[in-house]
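Note sheet for the following structure.
Residue numbers (the working numbering), protein chains in the order written: chain A, 159 to 314; chain B, 22 to 682.
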């Protein structure tokens, strides 16, 4: 096999694998990405029932209702609108009323959100970044959300 | 006083790095041995000063000096000593200092053990190494000084993030950094080769041990992080395709490819340009990993720093080193001559295939990790690309790689005989098929692909064993001769086979865990029993307990299997007063390679608790496989032909005849 043929074989194999990978990536991107929405987005964009989304906001204080069989229900709000979230399972350690959470799932026919995952993923400021950004956008961001509970300031 | 000494030592290290970044390359250009020799001295001195600086920071933490800002933010006087020590790198500033400490360590190692390197190459390598060091010293001094003092010293610190107060996580970052930073050596060698415009098989022989060492530590570092996430985060997952995990996985994939292409270059003098490019890309991905984790562009449990100014600085470092490296490659690469020829079906061909799939898989991970960031930057839309994406793209690319893996080591260099190899792999095929059949028989239905996963894993392990059997000739030769031959095989052959077997073992664990793990979430009251599979857990109530810097609620469970007690599980929920947050400590019961996993959810006022109970069959194999890979790497590294700083083979008669001093 000459150097040229060898190189062509290599390039063809490389392109073949790349094309295969590109096809995989494109089809996976079409099917498996999930958009993040705030309650206001959901109402404005008319997200269809059954479409898988992430919903983020603050858990409205006093809205948490525990039912039987680990069923829970709470309101998720971005200050302007609130959506009822239903979930069955154990809530994460960092789930608190008044704190930011992200729920993944879909709206049902009644307009409530049926979550199959609830994340209270946090950075050191106890606020998921998506939630913080959407609160800032809607103007409901309060500066003290960003501080960790112990308080204290660093000198310049 | 001590923080100031640390700070000053760091400034001096920067000064040394700047000297080392200029003098040796001038020396290499003008062939001035004195200027080139500067590099060795400064590299060792740099290590000494960075180590002094690091020791100063450790002292601040261990003595709980809360006048230092980072100590105040991340430590607490009541923390156990070991966590005071490990919280040094449990935050952005300290971890960057650890990063440069390891960088200086590697630089000094090259200076000390690189005596058999050509003088100009050594000078250039240390010079490039010092460019990286200087950039990171500047980064630390300008944007993230770990020694900054507070105007008024507080009495008490704010404690380390509780989920980081764990031994597994304590050793995870140093191991990971040994891997990340270790690839800087391959990068420096690549850039030095491009500067010199000369590269040969000997170059690959020098680079390979360093790459292998970095790869070993990265492997075990990733595994450590995965095991930590598994037992600490409380939901029993061991890999989330979280951007931070991907950030460490991408250099691993590229580094694995580099390891294999350097092999082709060393043995056959082919794939030179590709190897250089991979060396640059692997370190670029390591830098990108640092950037992704440290700049706070990603939200994840691991992110403990979020400061855009730092992000811009690291971005500048990225552009400088990745852009500069690739530009230099584009400019100088045409100077390098092409190497040996080989047929597509050959050992080289198999290694090219390996590289093709590894780098493509790496690219898909790259797309999945960075696409959400790019999309948000361009359109403002927020999306999450989670496990489904990666499973759908990564797995189809990794399966062909694993199928091809046993063939590679058995193929001959230059021109191989695929049918002959297939015949020799008959035993491994049979083992794989037996695995498929047995799994079908035992599970009867269930996930369709799972038995094939088991079969593939067994085929991979069988292939590694076949490799050793074929080379030692156990089948053809009498036992005694075969054993001598097996013992006489180069350690790198054993190491390679061991590492390949490790992949198979990990795969076996992954397939079993993902397909047959059982989960149960339930509310239990005292004296009630919760069952999963053949295990029954009797709940005896909760007892409060006081730890050094936390109070915890411990659930007491006795585990029965078929009526007999097999163990106790005591998961707990800890509250840390200093930060006011809670963590769950899962309890694990190991049975063979399988584990019973129990974590506590919320406790109800009536004494009932929510528990999450998992049975994870063969889950320990996932990490055992990575340990086997690590050992394979270590064995290969101990091969005298590969050893770092190994003495020159005794070809040089004049040297051999010189009298001993």
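Glycine included, every Cβ here is placed at the ideal spot set by N, Cα and C.
Quantities reported herein were computed from a predicted structural model and do not represent experimental measurements.
Looking only at its own chain, which residues have a Cβ that is under 8 Å from the Cβ of residue i, when we skip the five neighbours before and after it?
i: residue 364 of chain B; result: 370, 435, 436 and 437
i: residue 224 of chain B; result: 142, 210, 214 and 286
i: residue 219 of chain A; result: 255 and 256
i: residue 248 of chain A; result: 228
i: residue 432 of chain B; result: 366, 367, 368, 370, 371, 438, 439 and 442
i: residue 687 of chain B; result: Nothing can be reported for residue 687 of chain B: it is not among the residues displayed for chain B, which extend from 22 to 682.
Helix, strand or coil for residue i per DSSP?
i: residue 193 of chain B; result: helix
i: residue 209 of chain B; result: helix
i: residue 366 of chain B; result: coil
i: residue 412 of chain B; result: helix
i: residue 213 of chain A; result: strand
i: residue 80 of chain B; result: helix
i: residue 673 of chain B; result: Confidence at residue 673 of chain B is low in this model, with a pLDDT of 43, below 50, so its placement is unreliable and the value that follows should be read with caution. In the structure shown, residue 673 of chain B sits in coil (DSSP, three-state: anything other than H, G, I, E or B).
i: residue 268 of chain A; result: coil
i: residue 324 of chain B; result: Low per-residue confidence applies at residue 324 of chain B: pLDDT is 39, beneath 50, and the placement is therefore not dependable, though the value from the model is reported in the following sentence. Looking at residue 324 of chain B - three-state DSSP - the assignment turns out to be coil, as it is neither helix nor strand.
i: residue 26 of chain B; result: helix
i: residue 299 of chain B; result: helix
i: residue 61 of chain B; result: helix
i: residue 239 of chain A; result: coil
i: residue 163 of chain A; result: helix
i: residue 55 of chain B; result: helix
i: residue 406 of chain B; result: strand
i: residue 571 of chain B; result: coil
Restricting to Cα atoms, I'd like to know which of the options is closest to residue i.
i: residue 302 of chain B; options: B:163, B:273 and B:545; result: B:273
i: residue 538 of chain B; options: B:475, B:634, B:511 and B:559; result: B:634
i: residue 235 of chain B; options: B:188, B:49, B:512 and B:197; result: B:197
i: residue 174 of chain B; options: B:127, B:81 and B:124; result: B:81
i: residue 122 of chain B; options: B:96, B:101, B:70 and B:166; result: B:70
i: residue 420 of chain B; options: B:488, B:504, B:382 and B:151; result: B:382
i: residue 192 of chain B; options: B:630, B:104 and B:160; result: B:104
i: residue 188 of chain A; options: B:281, B:447 and B:389; result: B:389
i: residue 470 of chain B; options: B:387, B:532 and B:356; result: B:532
i: residue 632 of chain B; options: B:160, B:97 and B:256; result: B:256
i: residue 586 of chain B; options: B:176, B:31 and B:612; result: B:612
i: residue 405 of chain B; options: B:620, B:265, B:394 and B:399; result: B:394
i: residue 150 of chain B; options: B:227, B:401 and B:125; result: B:125
i: residue 403 of chain B; options: A:204, A:212, A:169 and A:272; result: A:212
Should residue i be counted as a contact of the ligand SAH given a C-beta to heavy atom distance under 8 Å?
i: residue 313 of chain B; result: As presented, the structure is devoid of all ligands, the ligand SAH included, so that no description of it is given.
If you measure from the beta carbon of residue i to each beta carbon in chain A, is any gap under 9 Å?
i: residue 603 of chain B; result: yes
i: residue 283 of chain B; result: no
i: residue 578 of chain B; result: no
i: residue 614 of chain B; result: no
i: residue 542 of chain B; result: yes
i: residue 351 of chain B; result: no
i: residue 215 of chain B; result: no
i: residue 388 of chain B; result: yes
i: residue 29 of chain B; result: no
i: residue 205 of chain B; result: no
Would residue i pass as an interface residue toward chain B - the criterion being a Cβ-Cβ separation below 9 Å?
i: residue 198 of chain A; result: no
i: residue 189 of chain A; result: yes
i: residue 264 of chain A; result: no
i: residue 192 of chain A; result: yes
i: residue 248 of chain A; result: yes
i: residue 206 of chain A; result: no
i: residue 274 of chain A; result: no
i: residue 172 of chain A; result: yes
i: residue 270 of chain A; result: no
i: residue 185 of chain A; result: yes
Using a Cβ-Cβ cut-off of 7 Å (strictly less than) and excluding sequence neighbours within five positions of residue i, which residues of its own chain qualify?
i: residue 185 of chain B; result: 111
i: residue 582 of chain B; result: 555 and 556
i: residue 7 of chain B; result: With chain B running from 22 to 682 in the structure shown, residue 7 of chain B is simply not present.
i: residue 387 of chain B; result: 271
Apart from the five residues on each side of it in sequence, which residues of its chain come closer than 6 Å, Cβ to Cβ, to residue i?
i: residue 534 of chain B; result: 637 and 640
i: residue 305 of chain B; result: 343
i: residue 474 of chain B; result: 532
i: residue 375 of chain B; result: 281
Under 8 Å between beta-carbons, which chain C residues line up against residue i? List them in chain order, please.
i: residue 236 of chain A; result: Going by chain labels, chain C is absent from the structure shown, which instead holds the protein chains A and B.
**4 or more residues per run - each alpha helix (DSSP H) lying fully within the segment 167 to 206 of chain A** = 197 to 203
**Request:** Run through the segment 411 to 493 of chain B for me and flag every whole alpha helix (DSSP H) of 4 or more residues, listed as ranges in chain order.
**Result:** 428 to 431, 439 to 445, 447 to 464 and 471 to 493
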